[in-house]
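Using the numbering used here, read the sequence shown as starting at 194 and increasing by one per residue.
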Amino acid sequence: MNKNGVNENGKTAVSSKLLKTKVLLGDPELARRVPATEPFSRERLRAMLDRHGMVYAKPDTGSQGIGVIRVEQRDGGYRYQSGERICRFGSLQAMYGSLRVEIGSRRYLIQQGVRALRYEGRPFDFRVMVQRNPSRRWECTGTAARVAPPGKIVSNGSQGGTIFSPDRLMGPIAGSARAQSLLRRMERLALRTAAAFARTYPAMNELGLDIAVDRNLTPWILEVNTRPDPCPFAKLDDPASIRKIVRYGKAYGRRYCLKCAKAKKAP
Numbered sequence: 194m195n196k197n198g199v200n201e202n203g204k205t206a207v208s209s210k211l212l213k214t215k216v217l218l219g220d221p222e223l224a225r226r227v228p229a230t231e232p233f234s235r236e237r238l239r240a241m242l243d244r245h246g247m248v249y250a251k252p253d254t255g256s257q258g259i260g261v262i263r264v265e266q267r268d269g270g271y272r273y274q275s276g277e278r279i280c281r282f283g284s285l286q287a288m289y290g291s292l293r294v295e296i297g298s299r300r301y302l303i304q305q306g307v308r309a310l311r312y313e314g315r316p317f318d319f320r321v322m323v324q325r326n327p328s329r330r331w332e333c334t335g336t337a338a339r340v341a342p343p344g345k346i347v348s349n350g351s352q353g354g355t356i357f358s359p360d361r362l363m364g365p366i367a368g369s370a371r372a373q374s375l376l377r378r379m380e381r382l383a384l385r386t387a388a389a390f391a392r393t394y395p396a397m398n399e400l401g402l403d404i405a406v407d408r409n410l411t412p413w414i415l416e417v418n419t420r421p422d423p424c425p426f427a428k429l430d431d432p433a434s435i436r437k438i439v440r441y442g443k444a445y446g447r448r449y450c451l452k453c454a455k456a457k458k459a460p
């Protein structure tokens, strides 16, 4: 990977979540919307649990929500959830030892937990797609809401998440006007993120932001994907977004696989 984020195959991608977080933190406005994120260690885990009560442990490199673990300090003890499995412990020491076995030799980070809004008891977040249009200007080309499968902590379509139009989930919670305002705010964050990444990686053509909204209706940038999967948008009732995404991608040489077997379309 060279400094422009181009690998030996000519594809633009940045794999390290910590490196991508560093780009976000370089912009003061974006930095306020990024959960605290640190390399994984026993000391940092203790400090962040004391401060936030709940954190996520994530592989520094990886995608599709694979390997994400929710860690909590609650009821006088500790617990973590990996996939659908929940493990409980009486001490941080015992939990940390189990986590080290779970993680193995992989490089992990710890991210402040965001208590995301829920639909029918399941957490949901948003994927915001931003691309260079044929005029080479950054443009938001779609926003999709992703609801986690029952019993799981991640909403990724590849993990069986259900895809909704954003207003269908946000309207009943925030009201139509406030929901639209929040969606516009997420788009502004996405465009500002694209500008920040373009300064560091000029060859970048597309980004997919994972944004969670907390119970105060504050958006948080959980992750930035530099090779985003467009599958969520293929599950929306309105095909306008996926058509535009494919058209813009084709203009800069990207071809997408739209065989999206695992993601579910909202009923």
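Just so you know, even glycine gets a beta-carbon here, dropped at the ideal spot from N, CA and C.
Between arginine 226 and glycine 354, the alpha-carbon positions lie close to 24 Å from each other. Secondary structure note for glycine 442: its alpha helix (DSSP H) is the uninterrupted segment 433-444. Bridge partners of phenylalanine 282 according to DSSP: Tyr271. Secondary structure of glycine 364 (DSSP, three-state): helix. By the 16-neighbour rule on beta-carbons within 10 angstroms, proline 232 is exposed. For arginine 315, the enclosing beta strand (DSSP E) starts and ends at 315-325.
Contact between threonine 386 and valine 417 is confirmed by a C-beta separation of about 6 Å, below the 8 Å threshold. In terms of CA proximity to lysine 457, Pro342 leads the group Pro221, Pro342, Tyr445.
Pairwise C-beta distances place the segment 298-312 in contact with the segment 398-418, as three or more of them are shorter than 8 Å. DSSP places valine 406 in the uninterrupted beta strand (DSSP E) bounded by 399-406. Excluding five sequence positions before and after threonine 214, the CB atoms of its chain that fall closer than 7 Å to its own CB belong to Val227, Thr230, given in chain order.
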